[in-house]
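With the UniProt record's numbering applied, the sequence shown closes on residue 490, and no number is skipped along the way.
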Amino acid sequence: MSGFRLLDVVKILVPLLPEIELPDKLMSVDEKVVYTVSSGLVFVMSHLPIYGLVKDAPLKMVDPLFAWRPLFAMEQGTLMELGLLPMLTAAFLWQVAAALKLVKANFMFSHDRELFQSAQKVTSFVLAAVFGASLIALGYFDAVIRGRSGASAWGWYTLIFLQIFGWNVMLTFMVEILDKGYGFGSGLLSYVAFNAATRLVRDVAGVELVSATPGGTPETYGVVTFLVRALLSMDFAEIKKAVTGIFFRSGFPTIGMVLIVLASGLVTIVLQNFRLELPVRSNKARGTANVYPIKMMYTGALPVLFAFTVVANVQIALHFVSIALAPMNPVLAAFVETHGESGAAIGGVSFYLSPPSSWTASLLSPIRAVTYVASIVLLSVWFASLWCEVSGSAPKDIAKQFKDQEIIISGKRDASVSRELAKIIPRSSVTGAALLTAVALVGELVGASGKSVSVVVGVSSAFAILEEFMMDLQQNGGSSQLMNSLGVNK
């Protein structure tokens, strides 16, 4: 008699859920490029203002989520208010539950895989609804609702909720399109990479005029474009202001921040090239020797993304609890979180899980910095050690592939291949996760405000997408019209 499975509950909802069908044919390289680029453009252009809010609403709102916005593509006062956070949280929740055997699922069967994906989808919808409803119920939008008064506010609340929730549903299906094989790489990681790239370009060369305060003078957003515009004006006062501004502009990217982010990205690129090459030979073709590379970034950026996702969810939950408790028990609410006028945590438990706003803040509150760093590093290392055992690339899985292909490690017996891989792969996973986390945290501790970790995860994700693209190009790129027009196949 088979026991009850949590996945079986999802069966009830599966007929009600829209689903992206798997491709009915092998997708060509050109088609995958079109789908990937098109979905990326839709994602980038989805930062539309929420209808029903006053003009320049983000300038008039508190922002408790400021530090998490760059990583999760969250844009205040827009349809991307929640960004990718609900989907990432749902994905990690179910993946970890499956890895810890809390959920019974046999991924060898397509039926279980479909139920598992549906469970992630439903959880994502529920989280988006909970986050959106919590923001509205706790007064996040109250100060910026257009013409808010008495009973009319409920109509606006409903409209705002439907916009936020509806777009998250659409975004979930966009992610599913890429996940089902229509594009390259994981949908979520692709969007993380798109987000990191566009934010960096905007910080450097953004040409739009933006005000940092309500009623303030609009200034060019990008660091380089701000300086170039001043130089072209030939006004000494403007040039002097720009030279000073690129270092100390409040509410805008600075040259220091851009350099920190670029340095984080460059270090990540360097780390991607570290690998251990195991000498292997085939029993089928005697005398044929080769190498099997094991990357130091064996689990990629997933451990870093997991750690920041967990901490972000905990801090957001503490913020919601603090606001909800404030009218009933101010003392307990202050213990959970004390926040300033901007909405950022300045005390309570939540404060010690929030990233410092600058290097001086790290020095002035060393306990906070240590607690924050320790939480991120421990979560990242734990996930890396777990993921390398359950992701299908565990030592036993690689050893099985070697056995099926009659490959052995030079100088080792067949029976010792699994033990040899078990020594290398877990260490590589944990070391890579720890180093990548350290790179991200260095930027965060000196005030990168989420942009450092965004670029670290984005660059790692871009490498994963590029690897899949190159493999697909080698196998199926001969008939690609796009590659032929670029002269790649000549």
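Beta carbons are placed, not taken as given, at the ideal position from N, Cα and C, and that holds for glycine.
Spatial neighbours of residue i within its chain, please: C-beta separation below 7 Å, excluding the five flanking residues on both sides.
i    : result
V377 : A434 and T437
T431 : M296
A119 : L7, V10 and W94
T225 : A205, G206 and V207
A333 : S322, L325 and A326
G275 : Note that residue 275 is Arg in the sequence shown here, rather than Gly. Closer than 7 Å at Cβ, skipping near neighbours: P293, I294, K295 and M296.
T78  : H47, L48, P49 and I50
L200 : V261 and V455
Specify the secondary structure class of residue i as computed by DSSP and reduced to three states.
i           : result
T220        : strand
F209        : It should be pointed out that residue 209 corresponds to Leu in this sequence rather than to Phe. Strand.
P23         : coil
R5          : coil
V62         : coil
residue 496 : Since the first and last residues shown for the chain are 1 and 490, residue 496 lies out of range.
P355        : coil
K295        : strand
M470        : helix
T254        : coil
R275        : strand
V96         : helix
R249        : coil
N329        : coil
S190        : helix
L200        : helix
What number of angstroms, rounded off, separates the C-alpha of residue i from the C-alpha of residue j?
i           : j    : result
I20         : N106 : 22 Å
L171        : S460 : 22 Å
I12         : F116 : 13 Å
A440        : G458 : 11 Å
M87         : T254 : 31 Å
M74         : S454 : 12 Å
P15         : Y191 : 28 Å
E81         : T89  : 15 Å
V144        : G343 : 15 Å
L364        : V311 : 22 Å
D112        : R202 : 42 Å
Q315        : P279 : 47 Å
N329        : V336 : 11 Å
G216        : V446 : 27 Å
E467        : M174 : 22 Å
A196        : A462 : 10 Å
L135        : F236 : 46 Å
A345        : L65  : 10 Å
W154        : F161 : 10 Å
V270        : L262 : 12 Å
S350        : V243 : 37 Å
G83         : M234 : 41 Å
L41         : R368 : 39 Å
residue 527 : V223 : Residue coverage of the chain in this structure runs from 1 to 490, which leaves residue 527 outside it and unanswerable.
G187        : G265 : 21 Å
I177        : M27  : 12 Å
Q474        : A98  : 34 Å
T158        : P356 : 35 Å
residue 492 : L53  : In the structure displayed, the chain extends from 1 to 490; residue 492 sits before or after that span and is not available.
V44         : V37  : 10 Å
K180        : K240 : 53 Å
Going along the chain, which residues of its own chain have a beta-carbon closer than 6 Å to the beta-carbon of residue i, five neighbours each way excluded?
i    : result
S429 : Y298, T299, A384 and C388
E238 : A230
In terms of DSSP beta bridges, what is residue i paired with?
i    : result
Y372 : Bridge partners of Y372: none, in fact.
N290 : V280
A78  : First, the residue type needs correcting, since residue 78 is Thr and not Ala in the sequence shown. Answer is P49.
H339 : A345
I407 : S282
I145 : L53
Which residue wins for smallest C-alpha separation from residue i, given the options the options?
i    : options                   : result
S358 : S380, E75, I260 and E337  : I260
T123 : R202, F92, D112 and E277  : F92
N168 : A128, P426, G52 and V29   : A128
S416 : Q405, L266 and A399       : A399
G347 : M328, H319 and P327       : H319
S39  : Y51, S134 and G183        : G183
L59  : R5, E31, F109 and Y140    : Y140
S354 : S391, I160, V210 and F308 : F308
E444 : A153, I164, S186 and P70  : P70
A374 : S418, K32 and V442        : V442
E341 : D397, K55 and D63         : D63
S391 : M108, L159, A57 and R281  : M108
S380 : G251, L305 and W68        : L305
I407 : W382, T338 and V291       : V291
Enumerate in chain order the residues of its own chain whose CB-to-CB distance from residue i is below 8 Å, with the five nearest sequence positions on each side excluded.
i    : result
N313 : L85 and T89
P366 : none
M257 : D203, G447, A448, S449 and K451
N476 : L26, S28 and V29
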